[in-house]
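Peer 1: Numbering (our numbering), first residue to last: 1400 to 1638.
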């Protein structure tokens, strides 16, 4: 992120999608989802835990262990441990509070860090409001052939974008004195491109260490969703 041109960073900020280029809960969630899916056919839930937690820890260190990444990694680890050893559904807000508690034990001054506050608010918004908004939106979609696609590709991304905005908007206005009026549609178009970017980019980086040609091919594939996100951010920032 530090090597991004100022114009690109400004486009993402003005369009209200700067969280896309801030490694945080969304990125960690995608990583955990991929690791769980990859290990599920070969290992039991408990047997896969050490491997998943090790990769999660290495990823956290590799990307710089910022407050948002630490919060997401600790939350993900607590969630995996609890779900893996109890086999029960976990009350996610309690996991988030546990992560915040651990992080602020390490550094209490992070309570006044803007990035920490925004990251915490974004995840809490997702936990509290995303599912209710999805259910409400799905109830208003007429039954038909395309209903599942409307729900998955329109209703759910809008619910996610709105739930993030609910608790982060007051902080953004307070700290930065501005709020993007196009942030919800901008998020709707950019968020679906994030998982393939993370997966292809991560695989490309790791593969390049052993097979450079294959790593470059995966990098070229990652260029497609990356270019899409850059174009959408530029388009909505121009509005």
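Built from N, CA and C at the ideal position, the CB exists for glycine as well.
#1: Between which two residues does the alpha helix (DSSP H) carrying residue 1543 extend?
#2: Grab me the residues of residue 1497's own chain with a C-beta within less than 6 angstroms of its C-beta, minus the 5 sequence neighbours each way, in chain order.
#3: Under the rule that 16 or more other beta-carbon atoms within 10 Å means buried, what is residue 1555, buried or exposed?
#4: Look at residue 1524 and residue 1465 and say whether their C-beta atoms are less than 8 angstroms apart.
#5: What whole-angstrom Cβ distance do residue 1597 and residue 1426 have, given they're in contact under 8 angstroms?
#6: Give the range of the alpha helix (DSSP H) segment to which residue 1534 is assigned.
#7: Check whether the Cβ atoms of residue 1520 and residue 1567 sit closer than 8 angstroms, and answer yes or no.
#8: Would you list, in sequence order, the uninterrupted alpha helix (DSSP H) runs of no fewer than 4 residues that lie entirely inside the region 1442-1518?
#9: Tell me where the alpha helix (DSSP H) around residue 1624 begins and ends.
#10: Could you tell me which of 1565, 1591, 1479 sits nearest to residue 1445, measuring between CA atoms?
Peer 2: Let me lay it out:
#1: For the purposes of this step, residue 1543 is taken as residue 144 along the chain shown, with counting starting at 1. Taken as a continuous stretch (DSSP letters only), residue 1543 belongs to no alpha helix (DSSP H), as it is neither H nor E.
#2: Taking the first residue of the chain shown as 1, we reach residue 1497 at position 98. Apart from the 5 residues on each side of it in sequence, residue 1497 sits with its Cβ closer than 6 angstroms to the Cβ of 1477 in its chain, given in chain order.
#3: As a first step, residue 1555 must be located in the chain shown, where it is residue number 156. It is buried - the Cβ of residue 1555 has at least 16 other Cβ atoms within 10 Å.
#4: By one-based count along the chain shown, residue 1524 stands at place 125. By one-based count along the chain shown, residue 1465 stands at place 66. Note that the C-beta distance between residue 1524 and residue 1465 is not below 8 angstroms.
#5: As a working note, residue 1597 is residue 198 in the chain shown. As a working note, residue 1426 is residue 27 in the chain shown. Yes, they are in contact, since the Cβ atoms of residue 1597 and residue 1426 sit about 6 angstroms apart, within 8 angstroms.
#6: Counted from its first residue, the chain shown places residue 1534 at position 135. DSSP places residue 1534 in the uninterrupted alpha helix (DSSP H) bounded by 1530-1538.
#7: Residue mapping note: residue 1520 aligns to position 121 of the chain shown, counting from 1. Residue mapping note: residue 1567 aligns to position 168 of the chain shown, counting from 1. Taking 8 angstroms as the cut-off, the Cβ atoms of residue 1520 and residue 1567 count as close.
#8: Fully enclosed alpha helix (DSSP H) runs of 4 or longer: 1444-1461, 1466-1485, 1491-1505.
#9: The residue labelled residue 1624 in the question sits at position 225 within the chain shown. That run of the alpha helix (DSSP H) goes 1611-1637.
#10: For the purposes of this step, residue 1445 is taken as residue 46 along the chain shown, with counting starting at 1. The candidate whose alpha carbon is nearest that of residue 1445 is 1479.
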